[in-house]
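Peer 1: Count along the sequence shown from 1, then add 1449; that gives the number in the numbering used here. The beta carbon of each residue, even a glycine, is placed where N, CA and C say it ideally should be. Every value quoted in this text rests on a predicted model; they were computed, and no experiment measured them.
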Amino acid sequence: MMKFILGGLGNWYNDFVFTEEAVIAADKSGFDGAILPDHYMWGKLPWHDRPDSNRTLETWITITHLLAKTEKIKIGTLVTPIPFRPPGILAKMVSTADNLSGGRTMFGAGAGWSQIEFEGYSEWSSPKVRVDKTYEGLDLITQLWTKDKVDFEGKYYQAKGAVLDPKPLQKPYPKIIFGSQGTRMLKLAGQYGNICFLPPWPGKNPEDMKQIVKESAKLHNRTNEVTFMGGEMGPTDTGEYKTKVEKAADSGAGYFLASFQRTKNLTDTIKQFAEEIIPSFK
């Protein structure tokens, strides 16, 4: 059985009407989840150059709003850059959203790549340090989600007598999504991830990447806890989707990420996909 996640949604303020309507439509149409990017500043990128690229909404506050507007669908990020915020505060934010929504959050975990937003709001570091912080940050976050009291002394993060209560409603905590390509992040996906998205990264072999995740999952006794997600982050023509979902299913994926053009017909496209594609894979 395939589960379907709605993607292609921005966190830009000028597009929020599309995002809100799309998530509500997906909730009513039978999608299992929806994911948003988590960026304060995008800057100019090769794949888009929006004049409003830095006019964004805070993603986890936006997710909490969308959870209040929906009933069944789970909502999360692809992905939240762990080093961008203090991990203890991030753990509290996600736990709060999970409790207020009746257990409907998903937590995307990444190391971050947008130098402009780190320099503006946080602290920019080398790729190695950002990945190191992601390892350490996830360790602290998951401890806060599962232990009554946490004392943590890391290289980058510390906690003394930290109590996170209430814990996330989902046990042991919300599903963690990865969408990375580097070897260390793929290994981290095997260690912590529940959903692993491996898009066709340039110069990368998806099967080789998948094997790294599987070997790490086996090492951490999590072989049956990691599920792969097919699909694409960018919009795809609806006529191509059945073939793409079939291909993902044949590869063993348990999730499919469906992304559509943000236009005035977006909700109709979502409903059409739900009617024509989803029933065949449930």
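#1: With DSSP collapsed to three states, give me the class of GLU1572.
#2: Taking DSSP's pairing of strands, which residues face VAL1599 in a bridge?
#3: What residue does the alpha helix (DSSP H) around MET1542 start on, and which one ends it?
#4: Tell me where the beta strand (DSSP E) around ILE1454 begins and ends.
#5: Distance check for TYR1584 and LEU1780, CA to CA, integer angstroms please.
#6: DSSP puts ALA1560 in a beta bridge; with which residues?
#7: Would you identify the three-state DSSP class for SER1665, choosing helix, strand or coil?
#8: Could you tell me the alpha carbon to alpha carbon distance between ALA1517 and ASN1463, rounded to whole angstroms?
#9: If I'm right that SER1708 touches GLU1681 with Cβ under 8 Å, what's the distance once you round it to whole angstroms?
#10: Would DSSP call THR1712 helix, strand or coil?
#11: Would you decide whether ILE1727 is buried or exposed? Buried here means 16 or more other CB atoms lie within 10 Å of its CB.
#12: Keeping to the same chain, check which residues put their C-beta closer than 7 Å to that of TRP1562; ignore five residues upstream and five downstream.
#13: LYS1568 to GLU1725, Cα distance in whole Å?
#14: So ALA1471 and LEU1715 are in contact, right, with Cβ under 8 Å, and what is the actual spacing, rounded?
#15: Are GLY1559 and GLY1628 closer than 9 Å when you measure CB to CB?
#16: Just to confirm before moving on: does the CB-CB distance between TRP1491 and VAL1543 stay below 9 Å?
#17: What residues in its chain sit with their C-beta under 7 Å from that of LYS1659, if we drop five residues either side in the sequence?
#18: If you run the structure through DSSP and keep just helix, strand and coil, what is LEU1760?
#19: Since ILE1625 is in the beta strand (DSSP E), which residue starts that stretch and which ends it?
#20: Identify the continuous beta strand (DSSP E) that holds ILE1512 and give its terminal residues.
#21: Compute the distance between the beta-carbons of ALA1475 and LEU1455, then report whether it is under 9 Å.
#22: How is the alpha helix (DSSP H) around LYS1696 delimited, first residue to last?
#23: Out of PRO1530, GLN1721, PHE1480 and PRO1500, which one is the CA nearest neighbour of ILE1625?
Peer 2: Put simply:
#1: coil
#2: ALA1611
#3: 1536-1549
#4: 1452-1456
#5: This structure cannot settle anything about residue 1780, because the visible part of the chain is limited to 1450 through 1731.
#6: Beta-bridge pairing links ALA1560 to no other residue.
#7: helix
#8: 21 Å
#9: 6 Å
#10: coil
#11: buried
#12: none
#13: Residue identity differs from the one stated: residue 1568 is Glu in this sequence, not Lys. Rounded to the nearest angstrom, the two C-alpha atoms are 45 Å apart.
#14: 5 Å
#15: yes
#16: no
#17: LEU1647 and PHE1677
#18: Nothing about residue 1760 can be read from this structure; the chain reaches only from 1450 to 1731.
#19: 1624-1627
#20: ILE1512 -> not in any beta strand (DSSP E); alpha helix (DSSP H) instead, spanning 1508-1518.
#21: yes
#22: 1690-1699
#23: PRO1530
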